[in-house]
Structure formats: structure tokens, C-alpha cells
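Numbering of the sequence shown is given in the working numbering, commencing with residue 97 and proceeding in unit increments.
For every residue, glycine included, the Cβ atom is placed at its ideal position computed from N, Cα and C.
Predicted, not measured: the structure shown is a model, and the values here were computed from it.
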Amino acid sequence: MVATALLPSSSATLTKSGENLFKFAFVALIDTVLDDVIATTPPAKIPEVQAAAEKQVQVAIAKVDTAKGDKAKLDALMLAYKKAGEQVLATPPAQKFSVMEKGFTEAASSLTL
């Protein structure tokens, strides 16, 4: 997991710069999945998919902000989104959007405070 490997492993909390680095890697992971979903979407449905994708990104960033620098929570969140993303990438094109919505929603719900 590249993103979490960049984070300091000796501390249970992150600095603001470490958290920003995490957000960058986290959004990059989500963007990779969203690009794949959009690339396989029929042109007429692209605006709908883009709107849903933007909402998913906002929810994901809000979850990162909620974790407030807790490395264990951030690692768990990254892992949940990574697993969801891998499922989307392995899914046939016609099902990618629904698998993304379900997987990312479940990943966001996985963070307990």
C-alpha cells in the first residue's frame, strides 16, 4: 500500500503535513477508480457518474478529516477504499458504477469513531 507506506509508522498520530500527504494519496487512489468507471460509462450517463463521483470524493475527504490525524483510523480507511477500488477495477464495465457506489459507501461507513 504505497500511500500508507509514505506515512510515519512510529506514531499513532500524524502531523498536518502527514495528513495532507495522506489526503493526496487517498484522492489519487479514488481518482484512479473513478477514471476507470467514467472510461467505461456510456457518454449519455457520464454527467450522472461524474456527479456521483464528486459526492464520493467529498464523503471520503470528510471521513479523512473526521479521523483527525489518527494513523490507525486513516490506515483502516485507506485499506477499505483500496479493497473497494480493487473490486471496481476487476468488475465488468456494465457493473462498475454500481459496484463503485456500493463499495465506496461501505468503505466510508467502515470508519468508526
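From E115, A190 and D166, residue whose alpha carbon lies closest to that of T220: The structure shown does not extend to residue 220, since the chain spans only 97 to 209, so no value can be given for it.
Run the CB neighbour count on F122, radius 10 Å, all protein chains shown included, and call it buried at 16 or more, exposed below. Position 26 of the sequence shown, counted from the first residue, corresponds to residue 122. Around the C-beta of F122, 16 or more other C-beta atoms lie within 10 Å, and the residue is accordingly described as buried.
Determine the contact status of V133 and V184, defining contact as a CB-CB distance below 8 Å. Within the sequence shown, residue 133 is the residue found at index 37, counting from 1. Within the sequence shown, residue 184 is the residue found at index 88, counting from 1. V133 places its beta carbon less than 8 Å from that of V184.
If you check the beta carbons only, do A176 and A148 fall under 8 Å apart? Taking the first residue of the sequence shown as position 1, residue 176 is located at position 80. Taking the first residue of the sequence shown as position 1, residue 148 is located at position 52. No, the pair does not count as a contact, with Cβ atoms beyond the cut-off.
With a threshold of 16 other CB atoms inside 10 Å of the CB of L103, please say whether the residue is buried or exposed. Along the sequence shown, read from residue 1 onward, the residue named residue 103 stands at position 7. Residue confidence for L103 is low, a pLDDT of 44 falling below 50, so the modelled location carries little weight and cannot support an answer.
Is the beta carbon of V129 closer than 8 Å to that of M174? In the sequence shown, counting from the first residue as 1, residue 174 sits at position 78. In the sequence shown, counting from the first residue as 1, residue 129 sits at position 33. Against a cut-off of 8 Å, the Cβ pair of V129 and M174 comes out as no contact.
Closest by CA to K179, which one among L125, K119 and G114? Mapped onto the sequence shown, residue 179 falls at position 83. Distances from the CA of K179 to each of L125, K119 and G114 were compared; the closest alpha carbon is that of L125.
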